[in-house]
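Peer 1: First the structure, which I've put down as structure tokens, then a few questions once you've had a look.
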């Protein structure tokens with residue numbers, strides 16, 4: 003520790019970093035655009051300050067400005083000061099900054115894979131940092147690196163040292179990133195959405211780790227996040243940003259208990275909270291629209307000299323379920339659980355085995371052209387509305403494209419239809435001639451929903467359809483989906499990793515892990531009375547947007563990562579048998 | 019589209035050059051100051067060397083006393099045809115192969131791309147000589163031969179780009195609404211590939227014109243005494259130190275042609291991209 007440089011460490015009041023009137027402008031074709039407007043705050047020793055806000059609020063810009071990593075010459079600091087001790091960081095040269103980064107301020111990023119060098123072992127990357135900042139001698143570096151991995155509680159640290167980033171899971175990679183960030187024992191740790199790309203159980207572990215390390219080292223943490231759940235779990239104080247301006251700054255409990263600004267109140271109200279969703283009205287037992295029996299999807303993993311199949315990825319293994327007319331079935335699970343693959347299989351986008359019947363029609367073995375009549379009954383809305391629209395076509399053309407493809411309308415009928423669809427999803431018809439980039443994220447998702455509706459399907463597969471949206475927009479899109487269901491008795495297969503969102507929309511919930519069903523049943527049974535340990539773990543890991551709740555330490559085995567669904571050719575995963583606890587509530591039996 | 023091009027100064031400049039060259043090619047017989055084939059004694063100096071620019075011969079004369087200006091004007095026909103036709107065929111063929119292999123993948127890609135690799139590994143010049151020797155040399159054949167050699171790079175580039183586009187969600191969406199492959203290729207993949215196609219297509223112009231010159235030099239290209247910019251350079255390259263204008267002027271024309279297509283191509287690419295609408299660059 004750097005006691006000599008920082009005699010007052012642990013004091014808890016003196017600011018280590020103070021930002022005054024920080025203003026950042028980005029160059030656009032129309033001239034300078036202010037993305038951060040006179041932001042001021044102090045970061046005190048040992049505290050966690052959360053910078054929260056929706057996309058475009060300038061929270062990441064703040065982090066980059068402090069680190070001196072603003073993309074030059076596009077963005078620049080036009081006014082203000084960033085004081086670290088007695089130095090103003092805005093006046094530093096690039097060479098001076100190297101002394102600051104890692105040594106005094108370290109940063110961890112959202113995507114641990116892209117922040118690690120894929121061609122270097124963990125040991126080399128750790129040693130590189132240690133040696134570059136002369137933390138220890140070349141001889142001691144490996145020992146020190148091992149200690150750092152132990153500090154971040156990686157399992158089998160000796161083995162991890164020799165591994166490359168691609169051999170580690172997402173959570174392990176983020177642990178390595180944290181180890182690198184802490185290698186020089188910095189005074190300040192900036193964490194930019196550190197858990198956004200991770201599964202919720204892993205997120206809980208990483209947040210817990212950051213908390214504990216902060217406790218031991220007394221590091222000040224600047225936490226940047228869009229997730230009010232994470233804010234509530236981590237922060238001492240919060241600064242809420244909106245369009246580059248500070249909207250509200252308050253201690254975390256105060257902000258959640260009595261927000262002063264209307265924006266903060268609205269934002270907090272829009273955050274879905276697990277356990278607070280309204281009752282779902284009971285629905286009559288309608289006919290089964292989707293019947294899936296023993297669905298299995300396997301992907302070949304090829305490799306070696308002759309590109310032979312060396313292993314198989316068992317993405318979905320013997321899954322059976324049904325969806326009734328007008329009902330929402332939510333598929334939840336972590337990454338690699340096979341939930342998206344099931345959605346794709348329903349539309350024939352991946353090769354599969356088993357039986358899928360849509361409105362009574364068997365789709366097994368159909369060619370792509372034979373699938374076309376089925377596709378009129380089932381459509382899909384993808385996760386990222388930006389990526390699922392063609393940037394080079396007007397939205398009006400895209401919305402009615404399915405009608406053209408199926409030869410259901412032409413000429414002026416298409417325009418009428420497009421206008422009708424646009425109004426239906428709450429967009430104005432004079433936007434039809436625009437291109438996707440002229441819309442906001444939420445509007446784009448509405449366009450995608452309009453396109454999926456154009457064929458008047460009975461079932462819509464919504465694959466993480468609101469995950470990429472800000473919470474306030476998310477709530478609006480969820481309301482739209484609900485409205486459409488109420489009007490037309492649409493059925494949804496709602497695929498999501500977000501338990502709070504699932505609770506809002508689902509009639510029934512199916513929990514998946516590594517391609518198999520762990521638990522399935524009515525929403526209240528699964529979410530409020532979970533029987534399978536995995537469901538219980540999943541639910542307890544969800545960050546709760548309530549700072550008064552006692553922060554629990556994670557009791558799951560630290561660093562325990564899920565098994566891989568990849569098996570050698572000829573080997574199969576053991577299938578779990580499902581036991582019916584009561585009508586419609588099935589749970590996988592432990593093996 | 020034309021008015022949008024003309025609003026951009028650089029593109030308008032390129033367009034003017036292209037139009038001027040096309041007019042030159044069409045009206046060559048009427049605007050040539052001299053007979054481009056006449057080997058005149060007046061066109062040589064006392065030592066029997068070519069005349070420098072100025073005087074009766076505007077751009078000087080070549081080794082045989084022929085008027086360089088007239089030969090360049092007539093050569094526009096050959097070079098423009100080769101540049102546009104050969105390059106056009108190469109671009110279309112290359113793009114078609116690349117996009118097909120990229121979209122369908124699997125065996126289609128394996129066969130098409132291994133064939134492309136084979137063509138790449140084969141010495142281009144040797145292939146051109148063989149092809150030119152089989153067919154009687156004529157302008158059309160020379161253009162096609164050059165196209166056969168030049169499509170390979172294009173198909174490689176387009177293949178790689180298509181592979182990554184196919185993984186994107188908006189193509190997945192097309193599959194999920196049941197679009198047939200032809201529709202996906204033309205309406206959704208092609209517009210995204212246009213910028214690469216245009217960049218590669220315009221870059222190809224100058225190499226194509228020079229490849230024609232190489233073929234002419236080896237006797238399998240355009241047959242003398244028919245002039246082309248390329249073969250004027252090659253015929254006279256040994257006199258580069260004493261009569262530099264013989265290389266300088268045709269070289270300048272080739273550069274101008276390539277530049278003009280480049281400027282227009284760049285502007286086209288921007289105009290076709292709706293995300294850049296309203297911006298000028």
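Protein chains in written order, with the numbering used here: chain A, 3 to 593; chain B, 19 to 299.
C-beta atoms are modelled at their ideal positions from N, C-alpha and C, and glycine is treated no differently.
(1) Do residue 1(A) and residue 40(A) have their C-beta atoms closer together than 8 Å?
(2) Whole-angstrom Cβ separation of residue 191(A) and residue 157(A), contact assumed at under 8 Å?
(3) Where residue 365(A) and residue 337(A) are concerned, what is the direct C-alpha to C-alpha distance, given to the nearest angstrom?
(4) Under 7 Å, CB to CB, which of the residues in the region 386–399 of chain A have a partner in chain D?
(5) Using a Cβ-Cβ cut-off of 8 Å, state whether residue 99(A) counts as contacting chain B.
(6) Is the beta carbon of residue 319(A) sitting closer than 8 Å to the one on residue 570(A)?
(7) Could you tell me the distance, in whole angstroms, from the CA atom of residue 561(A) to the CA atom of residue 174(A)?
(8) Ignoring anything shorter than 3 residues, give me the beta strand (DSSP E) runs that lie fully in the region 21–70 of chain A, in order along the chain.
(9) Mind listing, in chain order, the continuous beta strand (DSSP E) runs of no fewer than 3 residues lying wholly within the region 329–406 of chain A?
(10) Indicate the three-state DSSP secondary structure (helix, strand or coil) for residue 290(A) in the structure shown.
(11) Roughly how many whole angstroms lie between the Cα atoms of residue 182(B) and residue 131(A)?
(12) Write down every uninterrupted run of the beta strand (DSSP E) in the region 189–263 of chain B whose length is 3 residues or greater and which is fully enclosed by it, in chain order.
(13) Quick check on the DSSP output: what are the complete beta strand (DSSP E) runs of length 3 or more inside the region 488–560 of chain A, in order along the chain?
(14) Whole alpha helix (DSSP H) runs in the region 38–123 of chain B with 4 or more residues, listed along the chain?
(15) With three or more beta-carbon pairs closer than 8 Å as the criterion, would you say the region 144–156 of chain A touches the region 310–319 of chain A?
(16) Determine the direct distance from the alpha carbon of residue 43(A) to that of residue 251(A), and round the result to whole angstroms.
(17) With 16 as the cutoff for other CB atoms within 10 Å, does residue 382(A) come out buried or exposed?
(18) Alpha carbon to alpha carbon, how far is residue 119(B) from residue 207(B)? Give it in angstroms, no decimals.
(19) Determine whether the beta carbon atoms of residue 176(B) and residue 117(B) lie at a separation below 8 Å.
(20) Would the region 384–398 of chain A count as touching the region 445–456 of chain A if we require 3 or more Cβ pairs under 8 Å?
(21) Is there contact here, the region 58–73 of chain A with the region 234–244 of chain A, by at least three beta-carbon pairs under 8 Å?
(22) Using CA atoms only, rank isn't needed, just tell me which of 393(A), 408(A), 451(A) and 410(A) is closest to residue 435(A).
(23) Please decide whether residue 27(B) counts as near chain A, where near means a Cβ-Cβ distance under 8 Å.
(24) For residue 303(A), which residues in the same chain have their Cβ closer than 8 Å to its Cβ, ignoring the five residues on either side in sequence?
(25) Tell me the residue span of the beta strand (DSSP E) that contains residue 170(B).
(26) Report the three-state DSSP secondary structure of residue 578(A) (helix, strand or coil).
(27) Tell me, please, which residues DSSP counts as bridged to residue 188(A).
(28) May I have the straight-line CA-CA distance separating residue 134(A) from residue 469(A), to the nearest angstrom?
(29) With DSSP as the reference, identify every bridge partner of residue 569(A), one or two as the case may be.
(30) Might you give, ordered along the chain, the residues of its own chain that have their beta carbon closer than 8 Å to the beta carbon of residue 180(B), omitting 5 neighbours on each side?
(31) Any beta carbon from chain A within less than 8 Å of residue 215(B)'s own beta carbon?
(32) Which of helix, strand or coil does DSSP assign to residue 562(A)?
(33) Quick check: is the beta carbon of residue 297(B) nearer than 8 Å to any beta carbon in chain A?
(34) Below 8 Å, can you find three or more Cβ-Cβ pairs linking the region 400–418 of chain A to the region 494–511 of chain A?
(35) Are the beta-carbon atoms of residue 463(A) and residue 541(A) separated by less than 8 Å?
(36) Count the other C-beta atoms from every protein chain shown that fall within 10 angstroms of the C-beta of residue 2(A), then say buried if there are 16 or more, exposed otherwise.
Peer 2: A quick look at the data gives this:
(1) Shown here, chain A extends from 3 to 593; a query on residue 1(A) therefore has no answer.
(2) About 23 Å; that fails the 8 Å criterion.
(3) In a straight line, the C-alpha of residue 365(A) is about 27 Å away from that of residue 337(A).
(4) Going by chain labels, chain D is absent from the structure shown, which instead holds the protein chains A and B.
(5) Answer no: the Cβ-Cβ gap between residue 99(A) and chain B never drops below 8 Å.
(6) No, the Cβ-Cβ distance between residue 319(A) and residue 570(A) is not below 8 Å.
(7) For residue 561(A), the predicted structure reports a pLDDT of 42, less than 50, and the residue's modelled location is therefore unreliable. A value from the coordinates is still provided. Their backbone Cα atoms lie some 7 Å apart in a straight line.
(8) Listed in chain order, the complete beta strand (DSSP E) runs (minimum 3 residues) inside the region 21–70 of chain A are 33–46 and 50–55.
(9) Qualifying beta strand (DSSP E) stretches, in chain order: 330–334, 355–360 and 380–383.
(10) Taken through DSSP and simplified to helix, strand or coil, residue 290(A) comes out as strand.
(11) Those two C-alpha atoms are separated by around 34 Å.
(12) Runs of the beta strand (DSSP E) spanning 3 or more residues and lying entirely within the region 189–263 of chain B do not occur at all.
(13) Runs found: 493–498, 510–515 and 518–524.
(14) Counting whole runs of 4 or more residues, the region 38–123 of chain B contains the alpha helix (DSSP H) stretches 46–49, 86–99 and 105–122.
(15) A contact is defined here as three or more CB-CB pairs under 8 Å, and the region 144–156 of chain A fails this definition with respect to the region 310–319 of chain A.
(16) If I take the Cα positions, the gap works out to 9 Å.
(17) Answer is buried; the Cβ neighbour count reaches 16.
(18) Straight-line Cα distance between these residues: approximately 13 Å.
(19) Yes, Cβ-Cβ distance for residue 176(B) and residue 117(B) is below 8 Å.
(20) Yes, they touch.
(21) Three or more beta-carbon pairs drawn from the region 58–73 of chain A and the region 234–244 of chain A are found closer than 8 Å, and the two stretches are therefore classed as touching.
(22) Selected option, being the one with the closest Cα: 393(A).
(23) With 8 Å as the cut-off, residue 27(B) does not count as an interface residue toward chain A.
(24) Once the five neighbours on either side are set aside, the close Cβ partners of residue 303(A) are 311, 312, 313, 314, 315 and 568.
(25) Secondary structure note for residue 170(B): it is in no beta strand (DSSP E), and the uninterrupted alpha helix (DSSP H) holding it is 157–184.
(26) It is coil, neither helix nor strand.
(27) Per DSSP, none; premise fails for residue 188(A).
(28) Between the C-alpha atoms of residue 134(A) and residue 469(A) there is a straight-line separation of about 39 Å.
(29) In DSSP, residue 569(A) forms a bridge with 314(A).
(30) Only residues of its own chain outside the window of five on either side were considered, and among them 116, 117, 119, 120, 121, 207 and 211 have a CB closer than 8 Å to the CB of residue 180(B), listed in chain order.
(31) No, because no Cβ of chain A sits closer than 8 Å to the Cβ of residue 215(B).
(32) For residue 562(A), the predicted structure reports a pLDDT of 48, less than 50, and the residue's modelled location is therefore unreliable. The matter cannot be settled from this model.
(33) Note that residue 297(B) scores a pLDDT of 46, beneath 50, so its modelled location is shaky; the value from the coordinates is reported in the next line. Closer than 8 Å to the CB of residue 297(B) there is at least one CB belonging to chain A.
(34) By the Cβ criterion, the region 400–418 of chain A is not in contact with the region 494–511 of chain A, since fewer than three pairs of Cβ atoms, one from each stretch, lie closer than 8 Å.
(35) No; because the gap between Cβ atoms is not below 8 Å, this pair is not in contact.
(36) Lying before the first or after the last residue shown, residue 2(A) is absent from chain A, which here runs from 3 to 593.
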